[in-house]
Amino acid sequence: LTVKREENGICSNYVCDLKKGDKVKVTGPFGATFLIPNDPEAKLLMICTGTGSAPFRAFTMHRQRAMPEAQGTMTLVFGARTPDQLPYFGPLRKVPDNFLKKHLVFSRVEGEEKRYVQDQLRDEAEEIGEFLTDPKAHVYICGLKEMEEGVELAMRSICEGMGFEWDTTRDVMREDGRYHVETY
């Protein structure tokens with residue numbers, strides 16, 4: 031374990047001040063439901079804003095190394111204000127499009143209409159609707175809490191347009207461990 035002492039840091043100072051043999055209580059891990067399935071046939075729809083892309087970077091890198099045959103089973107919808115606000119997206123740009131389908135949407139680009147992740151979902155309504163009926167489909171939502179309601183409304187609209195209920199679909203996916211939300 032390597033810890034850098036931060037001058038006013040509570041945790042770093044606590045850990046750095048420990049003596050050999052001191053007992054420490056550790057809890058976690060948290061987010062134990064926000065895990066990538068260990069199935070190359072699993073299809074992933076990852077919806078995020080800002081730093082919410084961090085787990086999806088990890089998912090993608092893991093899957094590239096552990097399951098290179100899982101091409102075409104991952105879709106990322108990434109929302110940011112401007113292209114400059116994609117600091118966490120850099121490594122994902124290098125992932126081949128046949129491995130990870132990438133949709134970038136921006137809400138504050140001068141001279142352009144505001145676009146949010148839910149707008150992209152609606153644009154892909156038929157594909158998303160078919161995806162949601164696949165028993166191998168997993169939905170991950172990570173990022174700003176405000177995004178969650180917009181995604182819910184878009185999913186409801188998509189499902190209604192395809193002739194089925196979003197609430198029922200979401201609840202079944204959640205019970206099966208295929209619907210995951212980490213918003214803040």
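If you use my numbering, the sequence shown corresponds to residues 31 to 214, in order.
From the three backbone atoms N, C-alpha and C, an ideal C-beta is built for every residue, glycine too.
Would the beta-carbon of residue i fall within 8 Å of that of residue j?
i, j, result
"Tyr-170", "Met-97", "no"
"Cys-172", "Phe-86", "yes"
"Thr-90", "Leu-134", "no"
"Gly-80", "Leu-183", "no"
"Gln-150", "Val-181", "no"
"Ala-167", "Arg-208", "yes"
"Glu-176", "Phe-64", "no"
Quick check on this structure: which residue in the options has the alpha carbon closest to the alpha carbon of residue i?
i, options, result
"Leu-106", "Glu-176, Glu-157 and Lys-132", "Lys-132"
"Asp-69", "Met-104, Ala-84 and Glu-176", "Met-104"
"Arg-145", "Phe-108, Met-203 and Ala-167", "Phe-108"
"Phe-161", "Ala-88, Arg-95 and Met-203", "Met-203"
"Asn-128", "Val-181, Gln-94, Arg-111 and Asp-114", "Gln-94"
"Pro-121", "His-92, Ala-167 and Gln-148", "His-92"
"Ala-88", "Ile-66, Ala-100 and Thr-199", "Ile-66"
"Arg-138", "Ala-155, Lys-124 and Pro-113", "Pro-113"
"Val-125", "Gly-102, Glu-140, Asp-47 and Asp-164", "Gly-102"
"Gln-115", "Thr-163, Gly-82 and Glu-178", "Gly-82"
Say yes only if the C-beta of residue i is nearer than 7 Å to one or more non-hydrogen atoms of the ligand HEM, and no if none qualify.
i, result
"Lys-175", "With respect to the ligand HEM, the structure shown offers nothing to examine, as it has no ligands at all."
So, helix, strand or coil for residue i, using DSSP?
i, result
"Met-177", "helix"
"Ala-72", "coil"
"Ile-40", "helix"
"Val-45", "helix"
"Val-169", "strand"
"Gly-120", "helix"
"Ile-158", "helix"
"Phe-89", "helix"
"Gly-207", "coil"
Is it right to say residue i is buried, meaning 16 or more other beta carbons lie within 10 angstroms of its own, or is it exposed?
i, result
"Phe-136", "buried"
"Lys-73", "buried"
"Ala-84", "exposed"
"Arg-35", "exposed"
"Ile-40", "exposed"
"Cys-78", "buried"
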